[in-house]
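So the structure is just underneath, and the comments pick up after that.
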Amino acid sequence: MNRILVVKPGDLGDVLLATPALRALREAHPMAKIDLCGDAIAPVALRGTGLIDAHVTLPRTSTSRHGSRRLTLARDVVTLMAHLAGARYDTVVVLRHLTTRAGALKYAAIVLATGARVRAGLDNGRGWFLNARIRDRGFGFHHEAGYWLRTVSLLGADDRPRPTELDRSPDADARAREILADLPRPVVALHPGGGSYAAARRWPAERFAAVGHTLARDGASLVIVGNEAEVNGRIAREIGARNLTGSTSLPALAGVLERIDLLITNDSGVAHVGAAVRAPILAIYGQTESRAWAPYNPRVSDAGRIRTIERDLACRPCLYRRHELGWRNGCATRACLMGIATETVTDAARLHLARFSSIVSD
Numbered sequence: 007m008n009r010i011l012v013v014k015p016g017d018l019g020d021v022l023l024a025t026p027a028l029r030a031l032r033e034a035h036p037m038a039k040i041d042l043c044g045d046a047i048a049p050v051a052l053r054g055t056g057l058i059d060a061h062v063t064l065p066r067t068s069t070s071r072h073g074s075r076r077l078t079l080a081r082d083v084v085t086l087m088a089h090l091a092g093a094r095y096d097t098v099v100v101l102r103h104l105t106t107r108a109g110a111l112k113y114a115a116i117v118l119a120t121g122a123r124v125r126a127g128l129d130n131g132r133g134w135f136l137n138a139r140i141r142d143r144g145f146g147f148h149h150e151a152g153y154w155l156r157t158v159s160l161l162g163a164d165d166r167p168r169p170t171e172l173d174r175s176p177d178a179d180a181r182a183r184e185i186l187a188d189l190p191r192p193v194v195a196l197h198p199g200g201g202s203y204a205a206a207r208r209w210p211a212e213r214f215a216a217v218g219h220t221l222a223r224d225g226a227s228l229v230i231v232g233n234e235a236e237v238n239g240r241i242a243r244e245i246g247a248r249n250l251t252g253s254t255s256l257p258a259l260a261g262v263l264e265r266i267d268l269l270i271t272n273d274s275g276v277a278h279v280g281a282a283v284r285a286p287i288l289a290i291y292g293q294t295e296s297r298a299w300a301p302y303n304p305r306v307s308d309a310g311r312i313r314t315i316e317r318d319l320a321c322r323p324c325l326y327r328r329h330e331l332g333w334r335n336g337c338a339t340r341a342c343l344m345g346i347a348t349e350t351v352t353d354a355a356r357l358h359l360a361r362f363s364s365i366v367s368d
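Just so we're aligned, residue 7 is where the sequence shown starts under my numbering, counting upward by one.
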């Protein structure tokens with residue numbers, strides 16, 4: 007295998023959960039050219055890791071009826087197909103569930119356009135275009151990182167668990183130290199936002215504020231992270247937190263999370279950044295299945311640093327359920343999240359701080 011294309015669309019968390027598989031693939035084929043076809047966040051997250059050699063932009067499907075946007079999308083698709091046809095990949099691996107018929111057809115077109123001899127991926131019955139397959143047993147049967155490790159094992163890679171990775175830099179670490187320098191310990195980061203795909207996954211912002219208020223009263227310093235400027239600004243003002251919204255690069259955010267005592271977060275890309283730098287984490291899950299999407303840190307020495315808070319309900323998960331997409335906006339009651347009390351998260355935070363706040367990075 008000399009030229010390998012990895013097809014991995016998705017947002018920040020999706021990319022980070024693929025990095026153990028990318029590392030295994032790089033170790034198995036150190037001389038191969040490994041390119042990644044995915045969304046724009048991928049080269050930002052992976053810069054400096056050595057996991058990929060080049061990035062190929064995957065055009066995002068548009069639901070717009072605006073003629074010019076459809077024309078741009080069509081032009082981008084044609085450009086992508088022409089590039090893939092001329093890139094002479096001998097191997098392509100798809101790190102994606104074939105959840106819908108339309109999605110399966112899209113990935114079939116991408117894979118077949120490469121002309122690659124080896125075509126690997128998960129198969130739930132829609133992978134007719136693959137000739138090396140791992141059975142897709144549905145969301146949550148394996149963790150997503152585990153699925154991708156098993157998938158690249160078809161290409162001779164070792165599927166043992168590995169930690170996630172992302173871009174780091176000395177300058178970003180220096181910026182992180184500067185941000186936190188004057189804050190007394192313990193330092194708790196709150197992330198009330200979440201992925202843009204399904205805002206219904208977010209625990210109520212006012213409950214994050216209530217948890218922060220109590221922890222500040224206990225003596226914790228608070229920082230707010232994420233990109234939701236309006237909500238984060240309101241919470242920061244209410245509880246006296248340092249608001250880092252939109253003010254840090256991804257490597258600097260990683261540096262901040264590496265140095266805090268606790269991250270309290272929704273199911274989000276920020277949770278996976280925290281896991282990559284071994285932060286102690288409380289992650290709140292509602293619609294989605296934590297067995298599939300929990301922050302991933304397989305290091306035995308870090309057992310217990312990541313805890314998920316979720317309710318055991320028959321209707322969960324309703325998003326990414328078995329082999330289907332499920333309900334993007336959840337139900338009207340959102341009982342899975344609304345039933346998680348502020349006191350539950352506050353008590354868990356106090357226990358986590360008591361256990362881990364003395365052993366985080368300086």
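Don't be surprised by glycine CBs; every beta carbon is placed ideally from N, CA and C.
What residue range is occupied by the uninterrupted alpha helix (DSSP H) comprising residue i?
i	result
residue 174	Per DSSP, residue 174 belongs to no alpha helix (DSSP H) and is neither H nor E.
residue 218	211–224
residue 9	Here residue 9 belongs to no alpha helix (DSSP H); instead the beta strand (DSSP E) covers 9–13.
residue 284	From DSSP, residue 284 is part of no alpha helix (DSSP H); its letter is neither H nor E.
residue 156	150–159
residue 297	296–299
CB-CB under 6 Å to residue i, same chain, minus the five flanking residues each way: which ones, in chain order?
i	result
residue 286	268, 311, 358 and 362
residue 244	215
residue 343	209 and 292
residue 69	Summary for residue 69: the model assigns pLDDT 46, below 50, so the residue's position carries little reliability, and this model does not support an answer.
residue 183	none
residue 154	24, 27 and 101
residue 168	26 and 29
Give the DSSP-derived three-state secondary structure of residue i in the structure shown.
i	result
residue 342	helix
residue 367	A caution first: residue 367 carries a pLDDT of 47, below 50, which makes its placement in the model unreliable, though a value can still be read off. Of the three classes helix, strand and coil, the one that applies to residue 367 here is coil, per DSSP.
residue 335	coil
residue 266	coil
residue 238	helix
residue 29	helix
residue 350	helix
residue 203	coil
residue 232	coil
residue 45	coil
residue 274	coil
residue 197	strand
residue 288	strand
residue 330	strand
residue 227	strand
residue 248	strand
residue 355	helix
Once the 5 residues before and after residue i are set aside, which same chain residues still bring their CB inside 7 Å of it?
i	result
residue 133	104, 127 and 139
residue 257	173, 174, 175 and 178
residue 63	46
residue 135	114, 117, 118 and 125
residue 84	none
On the DSSP letters alone, give me the boundaries of the beta strand (DSSP E) that residue i sits inside.
i	result
residue 327	325–327
residue 60	60–63
residue 314	312–315
Taking CB distances under 8 Å as the criterion, tell me whether residue i reaches chain B.
i	result
residue 118	The chain labelled as chain B is not found in the depicted structure, where only one protein chain is given.
So, at 8 Å on beta carbons, what are the nonlocal neighbours of residue i in its own chain, with the 5 sequence-adjacent residues on each side left out?
i	result
residue 164	30, 33 and 34
residue 369	Past the boundaries of the shown model lies residue 369; the chain is included only from 7 to 368, so the question cannot be answered.
residue 10	31, 35, 38, 39, 40, 41, 95, 96, 97, 98, 99 and 161
residue 252	233 and 235
residue 368	Low per-residue confidence applies at residue 368: pLDDT is 48, beneath 50, and the placement is therefore not dependable enough to give any value.
residue 123	96 and 97
residue 211	198, 237, 240 and 241
- Item | Contact the stretch 223–238 vs the stretch 189–199: 3+ CB pairs below 8 Å | Contact between the stretch 223–238 and the stretch 189–199 is present, because at least three Cβ pairs lie under 8 Å.
- Is the number of C-beta pairs between the stretch 310–317 and the stretch 281–293 that are closer than 8 Å three or more? yes
- Task: Starting from the N-terminal side, write out each stretch of the alpha helix (DSSP H) that is 4 residues or longer and does not extend beyond the stretch 68–148.
- Result: For the alpha helix (DSSP H) assignment, the uninterrupted runs of no fewer than 4 residues enclosed by the stretch 68–148 are, from N- to C-terminal side, 73–92 and 107–120.
- Query: Within the chosen definition, does the stretch 147–160 reach the stretch 36–52 through at least 3 CB pairs nearer than 8 Å?
  - Reply: no
- Query: Is there contact here, the stretch 246–263 with the stretch 186–196, by at least three beta-carbon pairs under 8 Å?
  - Reply: yes
- Can at least three beta-carbon pairs, one atom from the stretch 16–34 and one from the stretch 48–57, be found at a separation below 8 Å? yes
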